[in-house]
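S.K.: I'd like to ask you about the structure that follows.
In this note's numbering, the protein residues as written are 449 to 580.
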């Protein structure tokens, strides 16, 4: 995936998350989950049937993060204008709390986890392209 496509997908994700978690938008949320999982290279129907919708189910969102990595998630804000959800993902071999491999804020914790997963996916794609 090209970097600008991934950045656009992350912007689309954060915009759609705001709409998705508004009242009565289940069909929009389902479409967003499908698009997000396709971006991640996952089979949307299979993933959701096995693990749940990552935008609604925190366990499903966490399953999108790379196995073996450490992660921190949080809900809250220091300033009124900040989003409520946050996530940071760390490489266990580096183990430096000041250097996360991915970090994101979103209106929901699940949204932040999904954005970190997308960042990690982009990093993996770039490292694979560099080896080719």
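Just so it is clear, CB atoms sit at the ideal spot from N, CA and C, and this is done for glycine as well.
Just so it is clear, the structure is predicted and the values come from calculations on it, not from any experiment.
Counting only beta-carbon separations shorter than 9 Å, does residue 498 have a partner in chain C?
M.R.: The question asks about chain C, but that chain is absent: this structure has only one protein chain.
S.K.: In the DSSP assignment, what residue or residues form a beta bridge with residue 494?
M.R.: According to DSSP, residue 494 bridges with nothing at all.
S.K.: Whose C-alpha, out of 499, 495 and 547, is nearest the C-alpha of residue 535?
M.R.: It is 547.
S.K.: Suppose the cutoff is 7 Å on Cβ atoms and the five residues either side in sequence are ignored; what does the same chain contact list for residue 568 look like?
M.R.: Closer than 7 Å at the Cβ level, and outside the excluded window around residue 568, lie 513, 514, 537, 549 and 550.
S.K.: Between the Cα of residue 486 and the Cα atoms of 529, 562 and 528, which residue gives the shortest distance?
M.R.: Closest option to residue 486, Cα to Cα, is 562.
S.K.: Taking DSSP as the reference, what is the three-state secondary structure of residue 542?
M.R.: Coil.
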